[in-house]
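Step one of this worksheet: look at the structure below.
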Amino acid sequence: MTSTLIRNAAAIVTGQRGATSRTAGPDIRIRGNLIDAIGRLTPEPGERVVDATDCVVYPAWINTHHHLFQSLLKGDAHGLDLPLTAWLAATPYRFRAAFDEGMFRTAVRVGLLELALSGCGTVADHNYLYYPGMPFDSSAILFDEAERMGLRMVLCRGGATKVRQLESELPQALRPETLDAFLGDVQRLTARYHDTSPNAMRRVVMAPTTPPYSMAPAELVECARTARSLGIRLHSHLSETVSYQDTTHSMHGMSPVRFVAEHEWLGSDVWFAHLVKLDAEEIALLGSTGTGIAHCPQSNGRLGSGIAPIMALQAAGVPISIGVDGAASNEAADMISEVHAAWLMQRAAAGERSLPTYRGGQGEDDRTAVSADDVVSWGTSGGAKVLGLDAIGTLEPGMSADIALYALEDPRYFGLHDVAVGPVASGGRPMLKGLWVNGRQVVDSDALNNVDVMELRAQARQAVRKLMTL
Ligand SMILES: [Zn+2]
Numbered sequence: 001m002t003s004t005l006i007r008n009a010a011a012i013v014t015g016q017r018g019a020t021s022r023t024a025g026p027d028i029r030i031r032g033n034l035i036d037a038i039g040r041l042t043p044e045p046g047e048r049v050v051d052a053t054d055c056v057v058y059p060a061w062i063n064t065h066h067h068l069f070q071s072l073l074k075g076d077a078h079g080l081d082l083p084l085t086a087w088l089a090a091t092p093y094r095f096r097a098a099f100d101e102g103m104f105r106t107a108v109r110v111g112l113l114e115l116a117l118s119g120c121g122t123v124a125d126h127n128y129l130y131y132p133g134m135p136f137d138s139s140a141i142l143f144d145e146a147e148r149m150g151l152r153m154v155l156c157r158g159g160a161t162k163v164r165q166l167e168s169e170l171p172q173a174l175r176p177e178t179l180d181a182f183l184g185d186v187q188r189l190t191a192r193y194h195d196t197s198p199n200a201m202r203r204v205v206m207a208p209t210t211p212p213y214s215m216a217p218a219e220l221v222e223c224a225r226t227a228r229s230l231g232i233r234l235h236s237h238l239s240e241t242v243s244y245q246d247t248t249h250s251m252h253g254m255s256p257v258r259f260v261a262e263h264e265w266l267g268s269d270v271w272f273a274h275l276v277k278l279d280a281e282e283i284a285l286l287g288s289t290g291t292g293i294a295h296c297p298q299s300n301g302r303l304g305s306g307i308a309p310i311m312a313l314q315a316a317g318v319p320i321s322i323g324v325d326g327a328a329s330n331e332a333a334d335m336i337s338e339v340h341a342a343w344l345m346q347r348a349a350a351g352e353r354s355l356p357t358y359r360g361g362q363g364e365d366d367r368t369a370v371s372a373d374d375v376v377s378w379g380t381s382g383g384a385k386v387l388g389l390d391a392i393g394t395l396e397p398g399m400s401a402d403i404a405l406y407a408l409e410d411p412r413y414f415g416l417h418d419v420a421v422g423p424v425a426s427g428g429r430p431m432l433k434g435l436w437v438n439g440r441q442v443v444d445s446d447a448l449n450n451v452d453v454m455e456l457r458a459q460a461r462q463a464v465r466k467l468m469t470l
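The sequence shown begins at 1 in the UniProt record's numbering and counts up by one.
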């Protein structure tokens with residue numbers, strides 16, 4: 001079995017929290033698709049050796065919420081400075097009917113390339129480009145493109161059976177599906193692609209786009225029961241803004257988390273994107289059921305939604321993961337930017353909560369502030385937990401070899417006392433000396449096999465020109 005020795009790293013970050021968040025290394029051996037050993041290792045005869053001097057090693061990041069089709073909708077002037085509801089109409093919904101097979105494929109490639117170059121090995125895409133009579137299979141394209149780049153793909157099959165407008169007023173590409181068609185496709189995708197193994201390269205998830213509006217309440221229950229009978233997870237958007245709270249309250253007379261709780265949509269097999277606006281009862285419900293979150297700080301910041309109460313959720317027992325969300329609401333849809341933002345914004349939020357001692361506070365000493373190690377664990381082992389991919393997310397012997405190797409060659413990283421924190425604390429885009437996914441090297445010195453970056457750039461530019469005429 002072939003082996004690779006990543007040798008003499010300056011630091012190895014494990015993806016765990018606390019005392020085991022680092023390992024001395026300085027070497028890691030990959031054998032087959034697994035991490036074989038970590039320690040001071042001697043090269044074996046015939047073994048490939050990768051010199052990691054002055055480099056830092058992380059578990060490959062796990063992105064738990066994205067909309068890859070939006071990778072061609074960055075910086076749309078109509079939606080750039082709008083809040084969520086107005087932005088949804090101005091940007092993603094205005095353009096989604098324009099996506100044909102070629103444009104969708106280009107968008108997916110751009111998004112996956114951006115993620116891979118940040119050291120991300122697993123992508124959960126919440127795809128909702130589905131409509132009756134659709135002439136191309138967007139699910140197949142997502143799996144094909146991820147396989148081509150060597151990345152893990154978790155397809156969260158979105159969609160809706162309800163729209164707020166009259167269906168006959170909408171173009172075909174914005175019309176809802178019937179519940180039978182939606183569930184039938186989830187069953188087809190599960191049979192074709194879903195791999196239950198803990199190191200699966202492909203998974204399928206039940207993911208109607210927005211629980212309070214996308215389906216009738218009874219249909220949500222049917223989705224939850226069907227997912228559990230198929231052995232797949234549940235995912236959706238929840239509690240993103242105050243307007244989400246208002247709409248759910250006026251339609252259903254309760255809070256968003258209470259609403260999903262009453263429709264069998266909580267549990268350790270469920271995770272939600274955003275969860276920005278929550279009351280104490282909702283945090284307790286999420287925690288007691290082990291329901292997870294995809295925290296998307298950059299999108300929440302860009303859309304002015306707020307800052308999710310992650311430290312309270314973590315204290316309540318909610319598994320925390322990181323999602324970049326679609327690039328139409330996050331023009332830096334890579335994992336390094338996202339974890340850097342998570343660290344800064346959660347620390348800023350702790351400062352916002354703090355009170356001076358004369359008013360009964362603890363002054364600057366806010367014990368609820370996030371640490372850089374917390375953020376790494378959210379983007380790695382936390383992601384593995386919410387996706388149920390138990391063989392990835394930490395660097396330990398016996399785990400799948402999903403490894404990012406960063407060369408901190410940019411002056412941004414010069415002068416760091418602890419180079420291990422560089423990617424999270426300094427942000428930017430460290431040169432990716434190597435990315436391994438399931439033991440296979442998919443990035444070598446910032447280059448991906450099978451991807452012509454300049455050709456992709458030209459395709460993206462051409463697609464954007466076409467979109468800008470709409
Ligand atoms: Zn989203």
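Glycine included, C-beta positions come from ideal geometry on N, C-alpha and C.
With distances taken between CB atoms, is the gap from residue i to residue j smaller than 8 Å?
i, j, result
"residue 423", "residue 38", "no"
"residue 232", "residue 206", "yes"
"residue 161", "residue 219", "yes"
"residue 119", "residue 24", "no"
"residue 407", "residue 435", "no"
"residue 15", "residue 381", "yes"
"residue 472", "residue 10", "Residue 472 is absent from the structure shown; the chain starts at 1 and stops at 470."
"residue 113", "residue 344", "no"
"residue 444", "residue 431", "no"
"residue 508", "residue 163", "No answer is possible for residue 508: it lies beyond the span of the chain, which begins at 1 and ends at 470."
"residue 391", "residue 30", "no"
"residue 66", "residue 323", "yes"
"residue 399", "residue 35", "yes"
"residue 123", "residue 57", "no"
"residue 158", "residue 91", "no"
"residue 173", "residue 258", "no"
"residue 195", "residue 188", "no"
"residue 374", "residue 22", "no"
"residue 226", "residue 266", "no"
From the DSSP output, read off the bridge partner residues of residue i.
i, result
"residue 444", "434, 447"
"residue 125", "66, 155"
"residue 206", "157, 234"
"residue 400", "34"
"residue 7", "51"
"residue 61", "120"
"residue 322", "63, 295"
"residue 23", "12"
"residue 274", "238"
"residue 56", "11, 406"
"residue 28", "6, 38"
Drop a sphere of 10 angstroms on the beta-carbon of residue i, count the other beta-carbons inside from all chains shown, and report buried for 16 or more, exposed for fewer.
i, result
"residue 346", "buried"
"residue 355", "exposed"
"residue 439", "buried"
"residue 116", "buried"
"residue 165", "exposed"
"residue 453", "exposed"
"residue 417", "exposed"
"residue 433", "buried"
"residue 338", "buried"
"residue 326", "buried"
"residue 132", "exposed"
"residue 466", "exposed"
"residue 190", "buried"
"residue 145", "buried"
"residue 335", "buried"
"residue 143", "buried"
"residue 395", "buried"
"residue 298", "buried"
"residue 19", "exposed"
"residue 362", "exposed"
"residue 138", "buried"
Just checking: is the beta-carbon of residue i within a distance shorter than 8 Å of some beta-carbon in chain B?
i, result
"residue 390", "The structure shown contains no chain B; it holds only a single protein chain."
Validate contact between the stretch 102–109 and the stretch 361–375 using beta carbons, cut 8 Å, 3 pairs: no
Do the stretch 69–89 and the stretch 238–256 touch if we need at least three Cβ pairs shorter than 8 Å? yes
Count the C-beta pairs between the stretch 74–83 and the stretch 321–341 that are closer than 8 Å, then say yes if the count reaches three, no if not. yes
With three or more C-beta pairs closer than 8 Å as the rule, is the stretch 126–134 touching the stretch 370–388? no
Answer yes if the stretch 257–269 comes into contact with the stretch 337–351, meaning at least three C-beta pairs across the two stretches below 8 Å, and no otherwise. no
Between the stretch 307–315 and the stretch 277–288, are three or more C-beta pairs nearer than 8 Å? yes
Using the beta carbon as the reference atom, which residues fall closer than 6 Å to any heavy atom of ligand 1, ordered along the chain? 65, 67, 126, 237, 273, 325, 326
Does the pairing of the stretch 267–274 with the stretch 221–240 give three or more beta-carbon distances under 8 Å? yes
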